[in-house]
Every structure is written in structure tokens, then in C-alpha cells.
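What follows is a set of notes on a single structure, which appears directly below.
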Amino acid sequence: MSENLNQDDLLLNCLQGTANDQEYEISYDWINSNKSNFSHYKEIRDAWIAAGIVTRKNENDCKRAWGRVARRTGIKWIHIPDMNHEFKHIAAVFLIAFTIGAFGYHLYFSQKEIFAEREYFVQAPLGAKTFLVLPDSSKVWLNAGSSLKYSTHYDITGRSVHLSGEAYFDVKSNNKLPFRVHAQDIVINALGTEFNIKAYPEEKHVETTLISGMVSLERTVPGGNVETILLKPNQRVFLSHGNAVKTESEMADALPEKEAHDEILFKPEIPMEKITITSVKNHEVYTSWKDKRFVFERERMADLAVKLERIYDVTISFQDESLKNYHISGSLEQETLEQLLYAIRLTIPLDFSIKQNKVVLTLNHHLKEKYDKLSD
Amino acid sequence: MENLDKQILKELKYGSKAAFESLFKIHYSPLRRYAEEILRDPDQAEDVVENLFVIIWEDRKKIDIHTSFKSYLYRSTFNACLNLIRKKKSENRYRDFFLHHAYFSKSHDYGSGSYPLSGIIEKEIDEKLESAINNLPPQCKNIFIMSRVDGLSHQEIADKLGLSVNTVKSQIMNALKKINVVLKEILTVFVFVIL
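For the record, the sequence lines run as chains A and B.
Numbering follows my numbering, in which position 23 of the first sequence is assigned residue number 23; successive positions increment by one, without gaps.
Numbering follows my numbering, in which position 89 of the second sequence is assigned residue number 1089; successive positions increment by one, without gaps.
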């Protein structure tokens, strides 16, 4: 044990750079004498480096470095070195005249093509997510089974997109052209912000979670008036409409318990319409799908199954209704569906069978007895 | 390979500047800090990472990635650092081993194929590690920061705080052990249930 301590001291000195030549040599031999010594050293070294990486942050450097790299790769602009001023001016006059001429010529002969508005359509198939960068370099992560439409005039006459399904937006700020998302019958206006929208047609409700910045949500209420709701960071708005299916208690179930219902802004004029604004403590629950990670908190098995159907492009059916009412929390990274179901099986008494794209969940009575005993 | 990476790679091959810019902005800072850890020289670290991105842009059509962009970038950074170190004449090869984190290794079994942090680079480490460091007991954290960030020697820290050198060393080891526990946690996934 005491030998170990001394060895650790030496390793520390070596990492710090304060050891003497002899100590370096002793440590080197110790590390390379066997595999367990090496992995002991590796653990200390990795912790040492990782700590250095997180504690020495200087994000300002990134901008300047990007400037240099952009110049070197010719992405931004090419610096013309050492040209005398007079020549530059003459060159500029010719260049401008030529550009105007060429543009006019092009405009004249291809007017139709330039102004013809066309549409881009991007779709993330079931079982896969898609990332895209819009012309103004706003970033969009599309969740499985979602689609986004925008016009070729995007970033020229406005910044409008139409969303069906779920997307996470990281919007480039531009005060002159506000960013507008049309989802079902609402419009979300944003300046430079990050937010998540969920509007799957089959779910009959729209959810928006704001991560940073500010967004306003517009919708036409019956009677033709436009109603506007402002959303602050870490707030989530839940709007159910039409033949709303979610009841109050189901809503409460779907939300992690910690989150207090702040206020209910809008009491339904038509009985079925409902807007709820809640503040969100852990916005990862709503946005984690865009990263590799997927987080769920106190999720009903029935709701989780719907999400899994999208993620893995399968259909899940329950043979026993009672399974739907179990709640489960956790996070998964890149597990296969099988691995995940095995993990769930450790806490929920189920059996499963996967045949091609069909998953059937059945209740395992033997496990149920065992687990029920544990929870008593 | 992950979808986002595939998408970026695909767009990069088409020559999308926006894809290149987002790749740069996501990875530059951590890569630079990583290179700084290996080279122990901020200016050289800056050069290495900038060169790496310039090469990626120039060779974008030829890039072939099987794992992920992240591990590709870290591995390339590590290799570029090693090439730079090899060019310099070393005064003491044993010293170089530690200063540059396994610049050469006697036994290829444990040395090659593993570059520092290779096991966890796929994961998002920053946030969890930062909170692990912030949650260290105040004395321990203080000592660790003095050693790790301010680069003070154990003796200097001991003098400043009126402690013995041995206490300083064991506090630093404690901090490293706790950080290592977090590194290992990052590798595991948990699923639990609330009924």
C-alpha cells in the first residue's frame, strides 16, 4: 500500500513536469513493467488531461481561429496583398462595371428563372434523424418521421419554414428577417434563439420548448382574432386542440413531477381547446432526442412505446393492457431495441418478441410476482 | 456512424461551407485544449488544430470516416501532435513520455491503439466533469486548481496554504480519483424505474 502511495506521488510529479530525470526513468519502467500498472497510470493520466481540458476554457479564441481558417481555405475572402492603391481603385471600377453589366444581362435573359419560387422539402424517414443547415446557417435537427418545407426565397424575402413533426431549431439572429415556423395552425416567431417544436399530425397537439432567447407564438382564435403568447427561456407551451385527447390527469402524468404548473393563461372558450404553459427544469427531456441521447422521465410505458416506434421504425403492441400503466425513467444512448427492452425488463415484468418490424409485449406473471414483492 | 456526422460529411463533400463552419465551431475549442494538453504549448496547439481543419477542407472529397467525426478529429489531432514532437530532438526520452503522454512506449501492447481519453471521447464530457470538479470538497478543489490550472508545484501549494506536501499530494490524488470515477460513469448507461 505504501509503495502504491509513493508510486502515485511519482506519477503526479511526472504529469506535472516537476520530476527529476531519475524519477522519470523509474516511473517509466514501473508503468511498462506490467499491464495493470499501465492501466493504473492511464487512469490517472486521463483524469489529469480531462480536468485540464474542462478547466482551461477560452472560447474567444474560436472566433479568431475561424477567421484565419476561413481565409486560408478561401471561404471568406481572399486578401489581395501589396497592390498599390491606384491600381486597386482602377481595378475596382472595372470590376463593378463588369459585375453590373453581367448581372443586368443575366437578369434580362433569365428573369423567369430567378424569380420563380420553388420549394425545398426535407424529410427524416421513420427510424432516422436528419440535420440540415438553412441558407442563413440556422441549424435544424429533424426528428424521425418529420418533414420541413421552405422556399427558394428563404433568407431573401423572409425566413419561413413549414414543419410537420418534431424539430429542434438553432436560429441565426437577424433582426430584419424574423424566423417563422408554421406548425399545424400556429406560427412561431423567433429572432436568434434555440427551441424545440413538436407537432406530429397524428398527435393533435403542439408543444414548444424554449431553450434560450425569446419566441412568440401566434394563433388564430375562433372569430378571426390573432392571439400572441410570449415564451421565456425554459418554458414549455402545450397546446391541444380539435378533438383533444389528452385529459388534465394524463397531462400531469406525462410531466415530470418536479415541474410546477406556473399558470394557465388561457381557459378554453371552446371546451376542447387548451393552452398550458409550464416552466421546465430539465429541458433535456424535450430536446435530448437531437443528440445521441434520449432521456425519459416518469414516462408511461404506453407513451414510451409511441416514441420507440418512431425511433426504431417498428410497431409495438401490448398483449396486456396493464403493462401500459407502468412508469419508467432513464436515458439511452445508442442501444439496439433489443438491448433497451432487456434493460426495461429488469424493472418491468415483461416479455417481448421482435419479428421484423413488429414488437409484441406480454406480461410475465412470474417476474411480476417477484417485482411486486420487491416494491412492497 | 451517427446520422448528424453522416449529414455533415455528405454536405462537406458537396463543398458546403456552412457544414464546415459548424464542424469547426463545434470541435475547435475542445480540440485546441486537447492539443495544448499534449504539446504543452498554446501557440503550437493553435497551429496544429488550424492546420488540421485546413487539410480537412482541402481533402474533403477523400475523407472516409468509419467511427465518428469526433474520434476522427481527436485521433488526427493526437497524431499531428506526435509528429510535431518527433521532429524536436528530445533531451530525455523518459521525460518526453510523460510530458507528451505516451510519445513512445516500450510495450506496444498497452501503448499503441490507445491515445489519451480515447475511451470516452465519443461522449459529452465537459458538463459532467465540470460539475464533478466543482463538487469536490472546497480545500481539495482549491488545491487541485492550484496544481492543475495555475501550475504551482506541490511545495508552493503547501507553503501557500500552510499544509504538508504529503497532504497536498494526497488531496490531488483524491481529486483525480473522483474525476476518474466520473469518467467511468460517463461510459455506463443506467435505466431505473419509479413505480
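C-beta atoms are modelled at their ideal positions from N, C-alpha and C, and glycine is treated no differently.
Given the structure is predicted, the values throughout are model-derived calculations rather than measurements.
Residue j beta carbon less than 7 angstroms from that of residue i
i	j	result
residue 294/A	residue 304/A	no
residue 1168/B	residue 1143/B	yes
residue 10/A	residue 25/A	no
residue 340/A	residue 332/A	yes
residue 168/A	residue 278/A	no
residue 1136/B	residue 1182/B	no
residue 323/A	residue 350/A	yes
residue 1099/B	residue 1076/B	no
residue 316/A	residue 280/A	no
residue 148/A	residue 122/A	yes
residue 173/A	residue 191/A	yes
residue 1180/B	residue 124/A	no
residue 1078/B	residue 1115/B	yes
residue 44/A	residue 1176/B	yes
residue 318/A	residue 361/A	yes
residue 156/A	residue 1017/B	no
Which listed residue (the options) has its alpha carbon closest to that of residue i
i	options	result
residue 182/A	218/A, 191/A, 212/A, 170/A	218/A
residue 231/A	47/A, 194/A, 311/A	194/A
residue 285/A	234/A, 370/A, 320/A, 313/A	234/A
residue 141/A	128/A, 151/A, 152/A, 153/A	128/A
residue 344/A	355/A, 364/A, 157/A, 358/A	364/A
residue 225/A	205/A, 186/A, 212/A	186/A
residue 237/A	213/A, 367/A, 223/A, 205/A	205/A
residue 1178/B	51/A, 312/A, 201/A	51/A
residue 61/A	1025/B, 1069/B, 1127/B, 1079/B	1025/B
residue 274/A	321/A, 177/A, 137/A, 222/A	222/A
residue 1047/B	1131/B, 1060/B, 1031/B	1031/B
residue 210/A	35/A, 73/A, 196/A, 298/A	196/A
residue 357/A	373/A, 43/A, 321/A, 312/A	312/A
residue 1140/B	1151/B, 1150/B, 1173/B	1173/B
residue 203/A	160/A, 228/A, 145/A	145/A
residue 189/A	162/A, 105/A, 120/A, 200/A	162/A
residue 1023/B	1156/B, 1007/B, 1067/B, 1170/B	1007/B
Contacts of residue i in chain A (Cβ-Cβ under 7 angstroms)
i	result
residue 1116/B	45, 46, 49
residue 1148/B	51, 52, 55
residue 1054/B	69, 72, 73
residue 1024/B	66, 69
residue 1097/B	28
Residues that residue i bridges to, as DSSP identifies them
i	result
residue 165/A	199/A
residue 276/A	238/A
residue 230/A	216/A
residue 99/A	For residue 99/A, which the question treats as bridged, DSSP gives no partner whatsoever.
residue 150/A	120/A, 161/A
residue 141/A	131/A, 168/A
residue 205/A	240/A
residue 296/A	330/A
residue 179/A	159/A, 190/A
residue 363/A	350/A
residue 355/A	358/A
residue 210/A	195/A
Interface partners of residue i on chain B, CB under 9 angstroms
i	result
residue 12/A	1147, 1154, 1169, 1172, 1173, 1176
8 angstroms Cβ cut-off: residues of chain B touching residue i
i	result
residue 129/A	1003, 1004
residue 320/A	By Cβ distance, chain B contributes nothing, its closest Cβ being about 16 angstroms from residue 320/A, past 8 angstroms.
residue 133/A	1011, 1016, 1018, 1019, 1022
residue 137/A	1018, 1021, 1022
residue 15/A	1098
residue 18/A	1153, 1154
residue 155/A	The premise fails here: residue 155/A is roughly 12 angstroms from chain B at the closest Cβ pair, so nothing lies under 8 angstroms.
Contact list for residue i against chain A, beta-carbon separation under 9 angstroms
i	result
residue 1069/B	Near residue 1069/B there are no residues of chain A at all, since even the closest Cβ is about 12 angstroms away, more than 9 angstroms.
residue 1075/B	None at all; the shortest Cβ gap to chain A is about 15 angstroms.
residue 1185/B	Here the premise fails: no neighbours, minimum Cβ distance about 12 angstroms.
residue 1135/B	Within 9 angstroms Cβ-Cβ: nothing; residue 1135/B doesn't reach chain A, min ~13 angstroms.
residue 1032/B	58, 61, 62, 65
residue 1039/B	Here the premise fails: no neighbours, minimum Cβ distance about 12 angstroms.
residue 984/B	Absent from the structure is residue 984/B, since the part of chain B shown begins at 1001 and ends at 1195.
Under 8 angstroms by beta carbon: chain A residues contacting residue i
i	result
residue 1050/B	65, 68, 69, 72
residue 1180/B	43, 44, 46, 47
residue 1007/B	130, 131, 132
residue 1084/B	Those within 8 angstroms of residue 1084/B in chain A number zero; the least Cβ separation is about 17 angstroms.
Contact set between residue i and chain B, taken where Cβ atoms lie within less than 7 angstroms
i	result
residue 386/A	No answer is possible for residue 386/A: it lies beyond the span of chain A, which begins at 1 and ends at 376.
residue 25/A	1094
residue 9/A	1169
Practice prompt. Run through the segment 299-352 of chain A for me and flag every whole beta strand (DSSP E) of 3 or more residues, listed as ranges in chain order.
Written response: If we require 3 residues or more, the beta strand (DSSP E) runs fully inside the segment 299-352 of chain A come out as 315-318, 327-332.
Worksheet entry | 3-residue-minimum beta strand (DSSP E) runs that sit fully inside the segment 1032-1066 of chain B, ordered along the chain | None, since the segment 1032-1066 of chain B contains no complete beta strand (DSSP E) of that length.
Worksheet item: Enumerated in chain order, which unbroken segments of the beta strand (DSSP E) with a length of 3 residues or greater are wholly contained in the segment 25-73 of chain A?
Response: Counting only runs of 3 or more, we get nothing.
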